[in-house]
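All you need for my numbering is the position in the sequence shown, starting with 1, plus 1037.
In this text, a Cβ means the ideal position worked out from N, Cα and C, and glycines have one as well.
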Amino acid sequence: MTATIRHDHVGEIRVFQDIASLVQTAAERFVELAAQAIDDHQRFLVALSGGNTPRPLYELLATDAFADRIDWTRVEVFFTDERCVPPDHPDSNYLMARLAFLDKVPIPPENVHRIHGGLPPTDAALAYHNELGSALSRDGRLDLILLGMGPDGHTASLFPGSDALEEKDTDVVAIYVEHMHSWRVTLTLPALNAATNILFLVSGARKAPVLARVFSGEMLPAGLVRPDVGTLTWFVDQEAASLARVQARAQRA
Ligand code: 6PG
């Protein structure tokens, strides 16, 4: 059983009983949006997040039940953010996505646009600005951005208090994340908010306190994601939703 509600601050919220049903519905949504975009403008531009939450979705997309329903030759994969490590490093978001599904589906290698985490961070950001820019000058918008949220409310690599949150004119930046002692490259809020569809995936009790804060309107980075014209949807499981006031409303819906 799932419940769907509309929320003033954060768009549509769907609460799922468990991560398995969340992932199943997310995979269906991915297939639908791919078909719509390909029908509309011959290509499906999707930006992927790293972290653990989307991994089972990526794995499901690689199964015959889903992979056979997608014209992978028309899918262009981008990334919301990357850790500044080489592409074969265990922390690489690109490596995670490659192992989970990109190596298993018939997507042409040139359709996978990774952030070059092995370059000096500002060079990687500039290179990605150019790569994303040339795709968007042809296709206009990213059709789908998949986002996760950390327990501190960060999304992509936009952390609370970061200067990157103030970026208005740049679509990709390199940032040094003090508390992680590491560099990352990330899309900025204007780049995220320009997408046609944004889907957050959030699961587990560890995320419950921060989800409650975001849904109550606190301006944490994930709460600043508000598409200019596109759709914003949150897929959350019951554990993650357990402290958010929407849970009570969702169960009544
Ligand atoms: C990354 C991300 C990041 C992630 C959140 C949630 O590279 O780490 O893109 O924003 O989505 O940290 O991560 P989990 O899904 O692992 O909780």
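If the five residues before and after L1269 are omitted, its C-beta is found closer than 6 Å to the C-beta atoms of G1048 and I1235, all from its own chain and listed in chain order. Here G1155 carries a coil assignment [DSSP, helix/strand/coil].
Here the stretch 1257-1269 lies against the stretch 1226-1233, with 3 or more beta-carbon pairs under 8 Å apart. Relative to ligand 1, even the nearest heavy atom lies 7 Å or more away from the CB of S1253.
When C-alpha distances from S1086 are compared across S1129, D1076 and A1099, the shortest belongs to S1129. Shown here, F1196 sits in coil according to DSSP, grouped into three states, outside any helix or strand. Taking 3 residues as the minimum length, the beta strand (DSSP E) runs contained wholly in the stretch 1114-1183 are 1118-1120, in order along the chain. Ligand 1 approaches G1187 closely enough that one of its heavy atoms is under 7 Å from the residue's Cβ.
Under a 10 Å Cβ-count criterion, S1174 is classified as exposed, with fewer than 16 other Cβ atoms of the shown protein chains found around its own Cβ. Under the DSSP definition of a beta bridge, L1236 partners with L1183 and T1270. Boundaries around I1075 are those of the alpha helix (DSSP H), I1056 to H1078, since no beta strand (DSSP E) includes it. Excluding residues up to 5 positions away in sequence, L1132 lie with their Cβ nearer than 7 Å to the Cβ of D1125 in the same chain. Nearest neighbour of S1219 by Cα position, chosen from P1157, A1249, L1183 and L1179, turns out to be P1157. Apart from sequence neighbours up to five positions away, the residues of its chain that approach P1093 with a beta-carbon distance below 6 Å are V1060, ordered along the chain.
For D1118, the distance from the CB to the nearest heavy atom of ligand 1 is below 7 Å.
Counting along the chain, L1226 sits inside the alpha helix (DSSP H) bounded by residues L1226 to N1230.
Rounded to the nearest angstrom, the gap between the Cα atoms of V1083 and P1188 is 24 Å.
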